[in-house]
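Undergrad: Chains as they are written, first to last, in full-length UniProt numbering: chain A, 1 to 82; chain B, 1 to 82; chain C, 1 to 150; chain D, 1 to 150. C-beta atoms are modelled at their ideal positions from N, C-alpha and C, and glycine is treated no differently. There's a structure below that I have some questions on.
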Amino acid sequence: MAEILYFGRLSDVTGTFCEQVSLPASVSDTSAVRSWLDQENALDGALLEASVRLAVNGEIVTDPYPVTDGDEIAFLPPVGGG
Amino acid sequence: MAEILYFGRLSDVTGTFCEQVSLPASVSDTSAVRSWLDQENALDGALLEASVRLAVNGEIVTDPYPVTDGDEIAFLPPVGGG
Amino acid sequence: MIRISDQPFDAAEALSEFTARATGAGAVVSFTGLVRDQASSSKVETLHLQAYSPMTETGIAEARKAAHERWPLIDSHIIHRTGDMSPGDAIVFVATASAHRRAAFEAADFLMDYLKTEAIFWKKETTASGTQWIEPRAEDYKDRARWTRS
Amino acid sequence: MIRISDQPFDAAEALSEFTARATGAGAVVSFTGLVRDQASSSKVETLHLQAYSPMTETGIAEARKAAHERWPLIDSHIIHRTGDMSPGDAIVFVATASAHRRAAFEAADFLMDYLKTEAIFWKKETTASGTQWIEPRAEDYKDRARWTRS
């Protein structure tokens, strides 16, 4: 199982902060994860936006980055504290 | 009588922080005050330096500025706090 | 030092402790970020700050390291709140200490620009008209770009 | 507010009071200047600060007014010590409050450059090797020149 995390406004959009999913065989990189989850959840492109970055196991990555069951995959909309 | 104030390093040079003086008739502006007091106190030009500004009655002035008995005349070497 | 916590903190106390530790410093700069009571349209009730540990902490530690490499700092301190806050509460505190003031000012400014645009946090504002996620302003990204070295 | 005094002050306490009064501020910047224990060559024993009242106060009040005209500040506070101080003592404190951080940072920086190069003070340092009057460094004048508008 992979753990998917949705931060910021994406948790409102998906209705959840995290979910455990079993990645289909065809979903082996971050680009595929975006398309698959966007479609599964009928999000109309929210996970495909260029401003939404992905982190795999706590490191921000550039698409397409290889993923596998067991990874923690986080969707990060634009960040900012203070 | 005019009151003369020497600030910063000038009080070390003159040996005093302030003195009451009666301005001679020939000393009617700040340029003349500089020359006269520098010579009187044998200061070898310490009061003539361009970096030493004069304040008359609490306002920094540009030489030559008219002075008269009763004025407070302050010699200000380069300032700086903090 | 870096502290990310959902517990309130007192900026003045943090400054006091920081200054006491910064032996030999001639200049100490502090920045305190407070929850403002006005959003664009209405009164702010709550500000919620979300972090992603340990990415948030790691990123801030790297920014702090970059500041210490770039400026001759004696010390620096960063505190950032998470969770729910009310108007007037301190969200963020940055303090820098150095021999002279320019390094302290620039490093504090640099760290705040990092925290505003790159630190891994998300902010949600609650007003009478609902909740809204807040992203950095265009000015924030412009400020951050000042530190890019060619 | 402006306070010139020969009495010691606590910078953290000043920040606490200032922040409490700065209603609506999102950003508070503070600068604290401390007596350093090292002069160019030897250990500092005492720093003496001389002012010329009321010129000193008038000049600082004008600089503060200029800062408020130039940046959208909610408030600002300046404290400056006179008389004899020891290493570690606070000489100067500047705090600025505004809605956003850029104004607060710039105004604090501007006020410190004024205080370092134009405020009517003279500084005398006492070390084991004697006493010496200290004038602003070349960097201080360069920093100050940044704010001149063409």
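By the criterion of Cβ-Cβ separation under 7 Å, what are the contact partners of residue 50 of chain D in chain B?
TA: Translated into the one-based positions of the fourth sequence, residue 50 of chain D becomes position 50. The contacting residues are 7, 8.
Undergrad: Take residue 64 of chain B and list the residues in its own chain whose beta-carbon comes closer than 6 Å to its own, dropping the five residues that flank it on each side.
TA: The sequence position of residue 64 of chain B within the second sequence is 64, counting from 1. Contacts found: 29, 30, 31.
Undergrad: Any Cβ of chain C within less than 8 Å of the Cβ of residue 24 of chain D?
TA: Mapped onto the fourth sequence, residue 24 of chain D falls at position 24. Yes - at least one Cβ of chain C is within 8 Å of the one on residue 24 of chain D.
Undergrad: Which residue comes first and which comes last in the alpha helix (DSSP H) that contains residue 144 of chain D?
TA: Sequence index remark: in the fourth sequence, residue 144 of chain D carries index 144 (1-based). Where residue 144 of chain D is concerned, the enclosing alpha helix (DSSP H) stretches over 138–145.
Undergrad: Count the other C-beta atoms from every protein chain shown that fall within 10 angstroms of the C-beta of residue 137 of chain D, then say buried if there are 16 or more, exposed otherwise.
TA: Translated into positions along the fourth sequence, residue 137 of chain D becomes position 137. Per the 10 Å Cβ criterion, exposed.
Undergrad: So which residues on chain C does residue 79 of chain A lean against when the C-beta distance must stay under 7 Å?
TA: Sequence index remark: in the first sequence, residue 79 of chain A carries index 79 (1-based). By Cβ distance, chain C contributes 118, 119, 120, 121, 122.
Undergrad: Where does residue 36 of chain A sit, in a helix, a strand or coil, going by DSSP?
TA: Residue 36 of chain A sits at position 36 when you count from the first residue of the first sequence. The answer is helix: DSSP assigns residue 36 of chain A an H, G or I state.
Undergrad: Just to confirm my understanding: we take residue 51 of chain B, look at its own chain, exclude 5 residues before and 5 after, and list those with CB closer than 8 Å. What are they?
TA: Within the second sequence, numbered from 1, the residue matching residue 51 of chain B stands at position 51. Once the five neighbours on either side are set aside, the close Cβ partners of residue 51 of chain B are 77, 78.
Undergrad: Closer than 6 Å by C-beta to residue 133 of chain D: which residues in its own chain qualify, once you throw out the five before and the five after it? Chain order, please.
TA: Stepping through the fourth sequence from its first residue, residue 133 of chain D is reached at position 133. Within the same chain, residue 133 of chain D has close Cβ partners 124.
Undergrad: In the region 82–150 of chain C, which residue ranges form an unbroken alpha helix (DSSP H) of at least 4 residues, counting only runs that do not cross its ends?
TA: You should have 101–117, 138–145.
Undergrad: Suppose you measure from the CA of residue 89 of chain C to the CA of residue 72 of chain B; what does that come to, to the nearest Å?
TA: Walking along the third sequence from the start, residue 89 of chain C turns up at place 89. Walking along the second sequence from the start, residue 72 of chain B turns up at place 72. Their backbone Cα atoms lie some 51 Å apart in a straight line.
Undergrad: Determine the chain B residues that contact residue 62 of chain D at a beta-carbon separation under 7 Å, and present them in chain order.
TA: In the fourth sequence, counting from the first residue as 1, residue 62 of chain D sits at position 62. Those within 7 Å of residue 62 of chain D in chain B number zero; the least Cβ separation is about 12 Å.
Undergrad: Could you give the DSSP three-state label for residue 12 of chain B: helix, strand or coil?
TA: As a first step, residue 12 of chain B is located in the second sequence; it is residue number 12 there, counting from the start. Three-state DSSP puts residue 12 of chain B in a helix.
Undergrad: To the nearest angstrom, how far is the alpha carbon of residue 165 of chain B from that of residue 12 of chain C?
TA: There is no way to answer for residue 165 of chain B, as the model of chain B reaches only from 1 to 82.
Undergrad: Does the beta carbon of residue 55 of chain C come closer than 8 Å to any beta carbon on chain A?
TA: As a first step, residue 55 of chain C is located in the third sequence; it is residue number 55 there, counting from the start. So, interface residue.
Undergrad: Which residues bound the alpha helix (DSSP H) around residue 59 of chain D?
TA: The sequence position of residue 59 of chain D within the fourth sequence is 59, counting from 1. Per DSSP, residue 59 of chain D belongs to the alpha helix (DSSP H) from 55–70.
Undergrad: Give the interface partners of residue 55 of chain B over in chain D, defined as CB-CB distance under 8 Å, in chain order.
TA: The residue labelled residue 55 of chain B in the question sits at position 55 within the second sequence. Correct list: 52, 55.
Undergrad: Give the straight-line distance between the Cα atoms of residue 42 of chain A and residue 129 of chain C, rounded to the nearest whole angstrom.
TA: Working through the first sequence from its first residue, we reach residue 42 of chain A at position 42. Working through the third sequence from its first residue, we reach residue 129 of chain C at position 129. Computed Cα separation, rounded: 27 Å.
Undergrad: Please report whether the beta-carbon of residue 45 of chain B lies at a distance below 8 Å from any beta-carbon of chain D.
TA: Translated into the one-based positions of the second sequence, residue 45 of chain B becomes position 45. So no, residue 45 of chain B is outside the interface.
Undergrad: How many angstroms separate the CA atom of residue 93 of chain C from the CA atom of residue 62 of chain B?
TA: Indexing the third sequence from 1 puts residue 93 of chain C at position 93. Indexing the second sequence from 1 puts residue 62 of chain B at position 62. Using only the alpha carbons, I get a separation of about 46 Å.
Undergrad: Which of helix, strand or coil does DSSP assign to residue 3 of chain D?
TA: Translated into the one-based positions of the fourth sequence, residue 3 of chain D becomes position 3. In the structure shown, residue 3 of chain D sits in a strand (DSSP, three-state: E or B).
Undergrad: Report the rounded CA-to-CA distance for residue 1 of chain D versus residue 21 of chain D, giving the unit in angstroms.
TA: For the purposes of this step, residue 1 of chain D is taken as the residue at position 1 of the fourth sequence. For the purposes of this step, residue 21 of chain D is taken as the residue at position 21 of the fourth sequence. Looking at the two C-alpha atoms, the distance is approximately 11 Å.
Undergrad: Kindly indicate the opening and closing residues of the beta strand (DSSP E) around residue 47 of chain D.
TA: Locating residue 47 of chain D in the fourth sequence gives position 47, counting from the first residue. Note, residue 47 of chain D: beta strand (DSSP E), 44–51.
Undergrad: Just how far apart, CA to CA, sit residue 7 of chain C and residue 48 of chain D?
TA: As a first step, residue 7 of chain C is located in the third sequence; it is residue number 7 there, counting from the start. As a first step, residue 48 of chain D is located in the fourth sequence; it is residue number 48 there, counting from the start. Rounded to the nearest angstrom, the two C-alpha atoms are 42 Å apart.
Undergrad: So, with DSSP's three-state summary, where would you put residue 31 of chain D?
TA: Walking along the fourth sequence from the start, residue 31 of chain D turns up at place 31. Of the three classes helix, strand and coil, the one that applies to residue 31 of chain D here is strand, per DSSP.
Undergrad: Can you give me the start and stop residues for the beta strand (DSSP E) that residue 84 of chain A sits inside?
TA: The question about residue 84 of chain A has no answer, for chain A in this structure spans 1 to 82.
Undergrad: Note down, in chain order, every chain C residue with its Cβ under 8 Å from the Cβ of residue 38 of chain D.
TA: What you label residue 38 of chain D is simply residue 38 of the fourth sequence in a count that begins at 1. The answer, in chain order, is 24.
Undergrad: Taking C-beta pairs closer than 7 Å, name the residues in chain D that residue 85 of chain C reaches, listed in chain order.
TA: Against the third sequence, residue 85 of chain C aligns to sequence position 85. Per Cβ cutoff of 7 Å: no residues; residue 85 of chain C is ~12 Å from chain D at best.
Undergrad: Report the residues of the region 51–75 of chain B with a CB closer than 9 Å to any CB of chain D, ordered along the chain.
TA: Listed by position along the chain: 51, 55, 58, 59, 60, 74.
Undergrad: Using a Cβ distance threshold of 8 Å, determine whether the region 47–66 of chain D contacts the region 53–65 of chain C, with at least three qualifying pairs required.
TA: Flag = no, the region 47–66 of chain D and the region 53–65 of chain C do not touch.
Undergrad: Round the Cβ separation of residue 104 of chain D and residue 29 of chain D to the nearest angstrom and send it over; I've been treating them as touching at under 8 Å.
TA: For the purposes of this step, residue 104 of chain D is taken as residue 104 along the fourth sequence, with counting starting at 1. For the purposes of this step, residue 29 of chain D is taken as residue 29 along the fourth sequence, with counting starting at 1. 4 Å between Cβ atoms; contact.
Undergrad: Quick one: does residue 15 of chain A have its CB under 8 Å from some CB of chain C?
TA: Walking along the first sequence from the start, residue 15 of chain A turns up at place 15. By this cut-off, residue 15 of chain A is not an interface position.
Undergrad: Residue 74 of chain D and residue 98 of chain D - do their beta-carbons sit closer together than 8 Å?
TA: Position 98 of the fourth sequence, counted from the start, is the residue given in the question as residue 98 of chain D. Position 74 of the fourth sequence, counted from the start, is the residue given in the question as residue 74 of chain D. Contact flag set, yes.
Undergrad: Where residue 24 of chain B and residue 36 of chain B are concerned, what is the direct C-alpha to C-alpha distance, given to the nearest angstrom?
TA: Here residue 24 of chain B corresponds to residue number 24 of the second sequence, with the count starting at 1. Here residue 36 of chain B corresponds to residue number 36 of the second sequence, with the count starting at 1. Their Cα atoms are separated by approximately 9 Å.
Undergrad: Should residue 38 of chain D go down as buried or exposed, given a rule of 16 or more other Cβ atoms within 10 Å for buried?
TA: Along the fourth sequence, read from residue 1 onward, the residue named residue 38 of chain D stands at position 38. Answer is exposed; the Cβ neighbour count stays below 16.
Undergrad: With respect to the beta strand (DSSP E) encompassing residue 19 of chain A, which residues constitute its N-terminal and C-terminal limits?
TA: Along the first sequence, one-based indexing puts residue 19 of chain A at 19. Segment 18–21, the beta strand (DSSP E) holding residue 19 of chain A.
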